[in-house]
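Every position in the sequence shown, counted from 1, becomes a number in my numbering once 45 is added.
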Amino acid sequence: MTHVHWDREWYRPFESFRARLVGLVETVCDQLDSGRMDRFHLDGQTATVADVVDVRPDLEVRVAGHVRAGRLTIGPWHVLADNQLVSAETLVRNLELGGRWVRRLGGQTGVGYSPDAFGHPADLPRVLAGFGAGSAVVWRGAPRDARFRWRSPDGSEVLTVNQGYHEAQVLWRDSDAVAAASTGAAAAREDEQRPQDGATWAGGGRAGRPDEDWVTATLDRLADFVERERGRAPQGPLLLLDGGDHILPLDPVGRLDALRAAARERCGVDLLGSDLDTFVDTLGDGQELPVVDGELRRPGGWLTFVLAGTLSTRSWLKQANDAAQAVLERFVEPGLASAALAGRAGATELAQLDRAWELVLHNVPHDSVCGCSVDEVHRENATRAERVQQIAADLTRRQLLDEGVDTRLHGLPETDHVDLLVRNPHARPHTGPVEVEVVLAPGQRVVALLDPDGHEQPVDVVPGADAGSGPLHFEADVDLLPDSYPVDRASVAFVAREVPALGWSVYRLRCTPAVEDADGPMACAPVRPAVLDRADDLVDVADGRRLAVADDGSLRVVRDGVDRQHLLRLLDDGDRGDSYTHDPLPDPPRRARVLSRSATVSRVRTRVVAEAVLELPAGLVADRTARDRRTVTCPVRITATAWAGLPGVQVRLEVDNRAEDHRLRVVTPAPGATSWSGLSHWSMVQRPMVPEYGPRPEARGHEAACGVAPVHGLLLAGRGEQATAVLARGLPEGAGLLEDAVTGPDPVLAVTLLRGVGWLSRPDLRVRTAAAGPMLATPDAQVQGPLVADLAVLVGDETLAPGPDGTCPDDLDPGAALVLAAQAHRTPLVARQLRSGTRPSQTQGPGHGWPAPELRGALLSAFAPVPSAASGSTVAGAARLRIWNPTPLTVRADLIVPSGTRVVPVRLDGTAETSEPTEQVGTAERAETADVVPVDGHAPEGEPTDRGSTVVAPVLGPWQVRTFTLARDGRAP
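Written as structure tokens, this is what we have:
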């Protein structure tokens, strides 16, 4: 199969690569027109077409003609993402947009092509199967088997081909380099015209006379390839992917003509030009194939690197990507989905949503989100991520205005009160902490907090440092004259309780003129400050826990007589690696040193703040064999917060990184643990506790096994009193490590905060014995400057009862409740101040009479508008709901929707489900699909619901994901 693998950006920025891509696509069209190519694979992604027609619209007609004729294959993805580092919903949006382009161009493909990703997640087979792709082509991280059946935790399978994509050298000829380098097609058309008499021109020889040296050398390389591949697939057929990174093999038809007879005689093979769909069809169902479960992250053979260090390179980029996904999935899309069901979704808002997702997708190709490109690329990534947040903020403002809620602070605030809108991004009523800065009328202070029922609740208030002298507040909009005015500011914190599912509650801050007194200003909930002189000074939490920060910055929590110490301890070690791979040094790890501590205690929360430093080597010595003796001081602020009545301790780490060539992690003891689990897309992946590295490779072109793995915000190890869960927002590199020279003699859970390196790739590493890319300097990858990381830790029974007041929701298994806690840590409640003189209903879900759904017994994955299969525009009166079961049990979910809502089960791609329903509930036996039982006006247990609602009760098998189209009666979903 002749192909190209195209990185949108990598060792060159996007526009530099696109300039070459335009010429390449034009040359491919010329070669297909002339017959010198009969088929070509444009890399399994449709961005290779979208990026071209954006600057050359005239090429779309030519591309579409070849796609419709079956000569050019594209998709199914829009971009070739690093599928481990993106959310489940980003995988879905990637295939949706890719499918839209495939249909636009008149093509189709059933092969999920992911040739160069640095490993593959356990849930990918179910995603591909949900879009009708029954097969996949992968490489890195796969087992040695050339073909196998790859199975997700829910039982979904795809036939999978393990094949290296970069085999251009087998049939390559040097003259290709000149023609393929042209950015236009004219040179290729003039110099590569195929002889009219049918004779073959190959290897730079003259028409009718193939270059015998090229044929001989090529047959030698082909024989080596055939021998190697027959060892993996003795029954055949063999797949040769004739192409590679940014290179274009020319005249494949002529090459095969020149080689075919000699290849049959020398190698015993027939050479057939083909494509992936045809190849997969030839495999048939007759071969007995091994079944491979879960993620594909196995150490590979020669040059088959997994490159685990990319999980933590430029960690700020991972945080920005996670934040962009979260705001779209949990705030923007649910609001637009409710508006669509109510018939109020506007074309502008939906177009903005599409644009935001397109920007997210442009940031997640593996060389982009992995942080392993030149610095210019990641500066553009930062701008794209900021643009997503800008679009999200505007869409949120528009949605709220459509609901009669105005968060634009125009005009002077009221003198006696401030109203706060608290939004819940979860599909069930939620209780959680809220922190927000408010704007007050000059000279006013907050004295009380009233909940939606008018009852006074505890609140912490911290006045702004610039009261009476701060910057003027500014607001303007198309319907508001620009306005600036003096204000005071304050930060408030409280626990909001039972905020409606995907809706809001309105809280009121009561204000009076500020008066200085002995207890300090603005202290409406008694806050007791404390000076902590010793590391063993424990601070009381209102719910009976006790909290301290030790001399090394680690956390100590005492609860019900159980004393857990050394939680989230900072450890720093040297790194002589590159953007792909951490390469350790033998130097001892460095620990933080606390300089001072202070604490505040109230009925709302207990907070301990520690000012600390990391004294770190400035970098590496000249020969990169050790860390420098020169040191730099990196300031660290550790803020540990325990909210009264809420489980766990939240920890914010603020680090000013001034060192180079190092890695900073937090490690937490996991006493006695032999395995650990990490949250993936729609499942928990269990892994053994292992050393960080396996044996160092001796042969060239190999890498050592590495213990780090991708996680989506939750790591869990241990049982009973020794159970430990670590929540990490936007930090995807986790590990469960055995005894280690850096982490110590006991098992630990580790999360990487940052990894600073100065090279895209280097050829002189110890754990990887060849370069993984060009040796280019990347000074920005040292990630110097401020880093903020938000984590939380739950210990002992908190991991089984992670709800308010030490409870587990009665509709959730403890494992599901813990995943819910991780979701709440990723997307907490959000508060916005309301414009003076505006106040919506006290509690409400969005939708103007079409409330958002409420979910029990399962977790929300998505509530979004339904995209049109052809154009991407939204189907009026319909929305898409996706739910999942994060446990190995079969469960029944209760889905509460407004009466008159049609609930139609569909696949991930929105097409109708075809499997039979099942009635199984509460067993470990896997359910293929599930029934949908409407129960009008009452819950399945017989409890009445709110008037006008319907409960739908789908069954979900172990780890199963189910998707539904919701539509108003009379509207086609």
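For glycine and all other residues, C-beta sits at the position ideal for the given N, C-alpha and C.
To the nearest whole angstrom, what separates the beta carbons of residue i and residue j, a pair I think is in contact under 8 Å?
i: residue 264; j: residue 300; result: At roughly 12 Å, the Cβ-Cβ gap does not stay under 8 Å, so residue 264 and residue 300 are not in contact.
i: residue 150; j: residue 94; result: 7 Å
i: residue 941; j: residue 994; result: 5 Å
i: residue 803; j: residue 857; result: About 46 Å separates the two Cβ atoms, so there is no contact after all.
i: residue 122; j: residue 90; result: 5 Å
i: residue 464; j: residue 540; result: The pair is not a contact, with the Cβ atoms about 18 Å apart (cut-off 8 Å).
i: residue 45; j: residue 953; result: Nothing can be reported for residue 45: it is not among the residues displayed for the chain, which extend from 46 to 1018.
i: residue 740; j: residue 851; result: So it is not a contact: roughly 45 Å between Cβ atoms.
State the start and end residues of the unbroken beta strand (DSSP E) segment that holds residue i.
i: residue 702; result: 694 to 702
i: residue 527; result: 525 to 530
i: residue 720; result: 720 to 724
i: residue 555; result: 549 to 558
i: residue 660; result: 650 to 662
i: residue 812; result: Looking at the DSSP string, residue 812 is not in any beta strand (DSSP E), and its letter there is neither H nor E.
i: residue 207; result: 202 to 207
i: residue 638; result: 638 to 646
i: residue 906; result: 904 to 912
Taking residue i as the reference, give the member of the options with the closest Cα.
i: residue 756; options: 691, 444, 409, 797; result: 797
i: residue 433; options: 841, 418, 376, 481; result: 376
i: residue 171; options: 673, 649, 450, 128; result: 128
i: residue 302; options: 315, 291, 693, 754; result: 315
i: residue 322; options: 835, 118, 142, 340; result: 118
i: residue 769; options: 682, 832, 602, 819; result: 602
i: residue 725; options: 810, 864, 503, 620; result: 864
i: residue 764; options: 717, 307, 48; result: 717
i: residue 871; options: 186, 799, 776; result: 776
i: residue 66; options: 671, 843, 290, 713; result: 290
i: residue 342; options: 313, 272, 165, 445; result: 165
i: residue 347; options: 551, 535, 186; result: 186
i: residue 645; options: 97, 585, 630, 656; result: 585
i: residue 389; options: 107, 114, 922; result: 922
i: residue 655; options: 641, 441, 555, 145; result: 641
In the DSSP assignment, the alpha helix (DSSP H) including residue i goes from what residue to what residue?
i: residue 144; result: 133 to 150
i: residue 180; result: Not the alpha helix (DSSP H): residue 180 falls in the beta strand (DSSP E), residues 180 to 183.
i: residue 421; result: 420 to 447
i: residue 383; result: 378 to 386
i: residue 870; result: 859 to 871
i: residue 402; result: 392 to 407
i: residue 300; result: 297 to 312
i: residue 370; result: 360 to 372
Looking at the structure shown, is residue i part of a helix, part of a strand, or coil, going by DSSP?
i: residue 510; result: coil
i: residue 774; result: coil
i: residue 1012; result: strand
i: residue 471; result: coil
i: residue 277; result: helix
i: residue 708; result: strand
i: residue 630; result: coil
i: residue 117; result: strand
i: residue 608; result: strand
i: residue 985; result: Caution applies to residue 985, whose pLDDT of 39 falls short of 50 and renders its modelled position unreliable; the model cannot decide the point.
i: residue 21; result: The structure shown has nothing for residue 21, since the chain only spans 46 to 1018.
i: residue 728; result: coil
i: residue 1017; result: Residue placement at residue 1017 cannot be trusted, given a pLDDT of 49 that sits under 50; what the coordinates show is reported in the next sentence. Coil.
i: residue 153; result: coil
i: residue 167; result: coil
i: residue 321; result: helix
Tell me whether residue i is buried or exposed, calling it buried when 16 or more other Cβ atoms sit within 10 Å of its Cβ.
i: residue 46; result: buried
i: residue 1012; result: buried
i: residue 353; result: buried
i: residue 402; result: buried
i: residue 964; result: Low local confidence applies: a pLDDT of 33 at residue 964 is under 50, so the model's placement there is unreliable, and no value is given.
i: residue 54; result: buried
i: residue 734; result: buried
i: residue 988; result: The predicted model places residue 988 with a pLDDT of 37, which falls under 50 and marks its position as unreliable, so this point remains unresolved.
i: residue 362; result: buried
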